[in-house]
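S.K.:
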Amino acid sequence: MITDPAVLAAEAGNFARIAAELKGVITSVEATAGALQPTFKGTAGMAAQAALLRYQEAGNAQERLLDDIANNIQQSGLQYTSTDDDQSAAISAVEMGI
């Protein structure tokens with residue numbers, strides 16, 4: 351298997367970017383909901399507030415998972431590079447007797 355640490359780092363960055371974009375969308379939805387807050391009345395208002403809360407919870411969970419994925423990919427790349435360097439050094443240190 352060939353692993354390219356630079357590609358892993360780039361993909362980790364993509365997940366981090368997506369998480370940041372999602373956070374921006376969540377913030378925008380929250381701002382819109384805040385502006386509409388005075389119009390939330392009665393049963394429909396309670397339903398809208400409950401829907402917003404579910405949206406926030408789901409969005410925040412998704413953002414955390416995207417951050418976790420980005421961190422895991424980043425760590426995998428670092429560990430791969432470290433292990434590859436260690437194994438290369440170990441092989442280089444072996445007296446082949448050739």
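Heads up: the sequence shown begins at 351 in our numbering, then just goes up one per residue. All C-beta atoms, glycine included, are put in the ideal place defined by N, C-alpha and C. Here the structure is a predicted model, which means the values were calculated and not measured.
1. I'd like to check one pair, G427 with L358: are the Cβ atoms closer than 8 Å?
2. Output yes or no for whether 8 Å exceeds the beta carbon distance between A420 and A366.
3. Hey, out of P355, A362, I376, whose CA is closest to A411's CA?
4. Less than 8 Å between the CB atoms is what I'm expecting for Y423 and E361, so what's the real figure, rounded?
5. Are the CB atoms of E380 and Q399 within a distance shorter than 8 Å?
6. Can you have a look at L403 and say buried or exposed, based on whether 16 or more other CB atoms are within 10 angstroms of its CB?
7. Exposed or buried, L416, counting other C-beta atoms within 10 Å across all chains shown (16 or more means buried)?
8. F365 by DSSP, collapsed to three states: which one?
M.R.: Looking at the atomic coordinates:
1. In the sequence shown, counting from the first residue as 1, residue 358 sits at position 8. In the sequence shown, counting from the first residue as 1, residue 427 sits at position 77. Yes; because the gap between Cβ atoms is below 8 Å, this pair is in contact.
2. Here residue 420 corresponds to residue number 70 of the sequence shown, with the count starting at 1. Here residue 366 corresponds to residue number 16 of the sequence shown, with the count starting at 1. Yes, these two residues count as a Cβ contact at 8 Å.
3. On the sequence shown, position 61 is the one that residue 411 refers to. Distance check between A411 and each of P355, A362, I376 places I376 closest, using alpha-carbon atoms only.
4. For the purposes of this step, residue 423 is identified with residue 73 of the sequence shown, where counting begins at 1. For the purposes of this step, residue 361 is identified with residue 11 of the sequence shown, where counting begins at 1. Residue identity check: residue 423 is Ile in the sequence provided, not Tyr. Going by Cβ atoms, the distance from I423 to E361 rounds to 6 Å, so yes, they are a contact pair.
5. The residue labelled residue 399 in the question sits at position 49 within the sequence shown. The residue labelled residue 380 in the question sits at position 30 within the sequence shown. Between Q399 and E380, the C-beta gap is not smaller than 8 Å, which leaves the two residues out of contact.
6. In the sequence shown, the residue the question calls residue 403 occupies position 53. Exposed is the call here.
7. Position 66 of the sequence shown, counting from 1, holds the residue named residue 416. Taking all protein chains shown into account, L416 has 16 or more neighbouring C-beta atoms within 10 Å of its C-beta and is therefore buried.
8. Position 15 of the sequence shown holds residue 365. Look at F365 here: in three-state DSSP terms it is helix.
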